[in-house]
Amino acid sequence: MGGVDRISALPDEIKISILSRLKVKYAIRTSALARSWRHLWTHLPCLRLGLHPYQDRLGGNTASVTTDWIERAHHLVSSLRGPLDLFELIHRFTSDQAPLIQRLLHLLLQKGGVEKLYLKFLYHPQLVHLPPFHSLKVLQLCKCHVLLPNGFQGFRSLTTLELDHVQISSDHLNFLIHTSNNLTTFLGSEFLVSEDPLSITITSPLLRHLTFEIDDSIEKVSVSSAPCLEKVEIMDCILNRTDSSSKKLAPVALGLLVSVATVSSLNLESNILRSLSLVTLPIDFSFSQLRSLSFDFYIDTMNERMCDAFFWLLRSMPFLEELNLLYEYSGQINRVVILMEELLGKESDGISCLNQTLKSVTISTSDIMNAINFGKFFLLNAKVLKLMKFHCLKWSYVEPGIIEELQKAEVTPSNAKVVIFCDNEGVTINVK
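Just so it is clear: in the sequence shown, position 316 is 316 by full-length UniProt numbering, and no numbers are missing.
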């Protein structure tokens with residue numbers, strides 16, 4: 001005796017929501033279930049195509065895209081009834097398949113466009129002419145050579161722009177950012193080298209979060225006008241640069257840093273500090289509104305010049321309240337602490353944030369024992385410190401003697417609270 005088909009009696013909106021959680025090929029097969037399910041999949045709001053463990057591969061050759069795969073993708077998009085909330089395409093295209101990709105994008109435009117567009121091309125960067133998607137809110141591109149169409153007026157609804165391994169001219173990138181009036185988040189990472197190096201000037205009235213990875217393809221990057229900018233992350237795409245390469249990068253890093261002087265939160269990589277240590281830094285520069293600094297410390301690379309550059313940062317942040325340090329294992333930590341103590345001793349009036357505003361320091365590390373000496377520097381010299389936190393990363397182990405060692409540490413006059421947070425146990429140990 002057959003049961004009652006209660007699912008088919010559900011409203012179409014609910015059934016479409018169910019279909020959107022299935023792989024594409026399974027969603028299509030539901031047309032055979034009952035009349036009420038027939039062609040309901042054509043109303044899907046999201047379509048993910050390509051290589052991903054949780055996404056439909058549409059069959060075909062997974063080593064590279066075949067013409068048959070593309071034709072079926074075109075048929076899928078052509079069958080959809082309306083605009084999409086999300087379209088994602090991740091696959092291995094060959095260098096001669098750009099026209100097929102372009103045809104797919106124009107089909108999306110004919111269907112009313114898309115709000116979130118993710119294109120990731122593996123191995124071969126693909127030429128992409130961005131259609132004028134008026135409802136586009138999120139654009140993520142990877143391994144693309146991007147061109148804007150003639151008469152491009154901008155993506156008026158765009159809030160998030162992420163470019164990774166993208167080749168684009170300075171004029172097109174600056175215009176894309178400038179005309180995206182609602183942009184709040186911009187990420188630029190490892191731009192592909194073209195004939196002319198990139199010169200980027202960011203003008204964005206609503207931009208709040210900027211993440212930028214500096215590389216050899218960048219000649220200049222600065223923020224000209226971004227009154228709402230709050231958080232900036234500056235990285236270097238090359239882990240082990242030579243001094244000459246770092247020095248070449250320094251004007252770009254310093255130029256960007258100086259142009260974001262009004263942000264409240266800043267995240268820097270150790271390589272950026274290395275570049276700054278090789279040039280003359282401005283004396284009177286100040287981050288007038290900065291409250292939070294996050295910094296990746298690779299102690300093995302730290303030298304006196306880099307410590308001096310770190311102190312330049314602290315001096316330029318008179319209202320710093322929160323300092324987050326990611327510290328990698330090294331036997332050189334004692335040498336670095338000695339250098340920092342010596343530099344602090346040369347400050348006639350001390351450092352303003354250490355004397356008056358720094359309330360919280362977090363050191364994330366897999367080397368808690370050696371990090372104690374690093375933490376002691378702040379316990380002894382940050383006069384209004386309220387919290388000293390050691391974040392013990394997942395692969396590290398808190399030895400029994402560590403807590404006793406911390407309990408012996410002198411504290412500031414404010415009697416800062418010292419805690420250890422362990423990822424492995426997911427617990428917080430209150431030391432004192």
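The beta-carbon is built from N, C-alpha and C at its ideal position, and this holds for glycine as well.
So, for residue 141: in the same chain, excluding its five sequence neighbours on each side, which residues have a beta-carbon less than 6 Å away from its beta-carbon? 119, 163, 166.
Sub-9 Å separation of residue 147 and residue 178 beta-carbons: With contacts defined by Cβ atoms closer than 9 Å, residue 147 and residue 178 do not form a contacting pair.
Span of the alpha helix (DSSP H) around residue 164: Premise fails: residue 164 lies in the beta strand (DSSP E), 160 to 167, not in any alpha helix (DSSP H).
Quick one: Cα of residue 204 to Cα of residue 175, how far? Approximately 11 Å, taken between the alpha carbons.
Quick one: Cα of residue 108 to Cα of residue 273, how far? Going by the C-alpha atoms only, they are around 44 Å apart.
For residue 123, does the count of other Cβ atoms within 10 angstroms reach 16, so buried, or fall short, so exposed? Counting Cβ neighbours within 10 Å, residue 123 comes out exposed, since fewer than 16 surround it.
Rounded to whole angstroms, what's the CA-CA distance from residue 267 to residue 90? Just pull it up for me. Answer to the nearest angstrom: the Cα atoms are 30 Å apart.
Is the region 247 to 265 in contact with the region 221 to 237, if contact means three or more CB pairs nearer than 8 Å? Counting Cβ pairs under 8 Å, three or more are found: they touch.
Helix, strand or coil: which one does DSSP assign to residue 232? Assigned with DSSP and collapsed to three states, residue 232 falls in strand.
Would you say residue 283 and residue 253 are within 9 Å of each other, going by their C-beta atoms? Taking 9 Å as the cut-off, the Cβ atoms of residue 283 and residue 253 do not count as close.
In this structure, does DSSP put residue 81 in helix, strand or coil? Coil, per DSSP.
Across which residues does DSSP place residue 209 in a beta bridge pair? Listed as beta-bridge partners of residue 209 by DSSP are 185, 231.
What does a CB cutoff of less than 6 Å around residue 389 pick up in its chain, not counting 5 residues either side in sequence? Result list for residue 389: 362, 419, in chain order.
Near residue 355, which residues of its chain fall below 6 Å by C-beta distance, leaving aside the five closest residues on each side in sequence? So the list reads 383, once near-sequence residues are dropped.
Helix, strand or coil at residue 260 [DSSP, three-state]: Coil at residue 260, not helix or strand.
Going by other Cβ atoms of all chains shown within 10 Å of its Cβ, with 16 needed for buried, is residue 131 buried or exposed? Under this definition residue 131 is a buried residue.
Taking the Cβ atom as the reference point for each residue, do residue 325 and residue 287 lie within a distance shorter than 9 Å? Taking 9 Å as the cut-off, the Cβ atoms of residue 325 and residue 287 do not count as close.
Rounded to whole angstroms, how far is the Cβ of residue 247 from the Cβ of residue 279, which I believe are closer than 8 Å? Indeed, because the Cβ distance is near 7 Å, the residues count as touching under 8 Å.
Spatial neighbours of residue 71 within its chain, please: C-beta separation below 7 Å, excluding the five flanking residues on both sides. The answer is none, since no qualifying residue turns up.
With distances taken Cα to Cα, identify the nearest neighbour of residue 376 among 416, 189, 182. Minimum Cα-Cα distance from residue 376 among the listed residues 416, 189, 182 corresponds to 416.
When 227, 93, 117 are compared against residue 127, the one with the closest alpha-carbon: Proximity to residue 127 across 227, 93, 117 peaks at 93, based on C-alpha coordinates.
Would residue 450 and residue 111 be called neighbours here (beta carbons separated by less than 9 Å)? Since the first and last residues shown for the chain are 1 and 432, residue 450 lies out of range.
Check the DSSP bridge columns for residue 327 and list the partner residues they point to. 297, 365.
So is residue 58 buried or exposed if we call it buried at 16+ other beta carbons inside 10 Å? In this prediction, residue 58 scores a pLDDT of 45, lower than 50, which makes its location untrustworthy; no coordinate-derived value is stated.
If you draw a straight line from the alpha carbon of residue 387 to that of residue 320, how long is it in whole angstroms? Those two C-alpha atoms are separated by around 14 Å.
Confirm, please, whether the CB-CB distance from residue 206 to residue 183 is below 9 Å. In this structure, residue 206 lies closer than 9 Å to residue 183 by Cβ.
Who are the Cβ neighbours of residue 310 in its own chain at under 7 Å, not counting the five residues just before and after it? Only 273 meet the Cβ criterion.
From residue 298 to residue 306, what does the alpha carbon distance come to, in whole angstroms? Whole-angstrom Cα-Cα distance: 11 Å.
By how many angstroms is the C-alpha of residue 212 removed from the C-alpha of residue 186? Cα to Cα, the separation comes out at about 8 Å.
Sheet register partners of residue 119 (DSSP bridge): Looking at the DSSP assignment, residue 119 forms a beta bridge with 89, 141.
If we count the other Cβ atoms within 10 Å of its Cβ and call it buried at 16 or more, is residue 181 buried or exposed? Around the Cβ of residue 181, a 10 Å sphere holds fewer than 16 other Cβ atoms; the residue is exposed.
Assuming residue 153 contacts residue 129 (C-beta within less than 8 Å), just tell me the rounded distance between them. Actually they do not touch by this definition, with Cβ atoms about 15 Å apart.
For the beta strand (DSSP E) containing residue 48, name the first residue and the last one. Run containing residue 48: 46 to 50, per the beta strand (DSSP E) assignment.
Could you give the residue range of the beta strand (DSSP E) that holds residue 391? Unbroken beta strand (DSSP E) run through residue 391: 387 to 392.
Separation of residue 113 from residue 54, as counted between CA atoms: Confidence at residue 54 is low in this model, with a pLDDT of 38, below 50, so its placement is unreliable and the value that follows should be read with caution. Their backbone Cα atoms lie some 24 Å apart in a straight line.
Within 10 angstroms of the Cβ of residue 349, are there 16 or more other Cβ atoms? Answer buried if so, exposed if not. The residue in question, residue 349, is exposed, as its Cβ has fewer than 16 Cβ neighbours within 10 Å.
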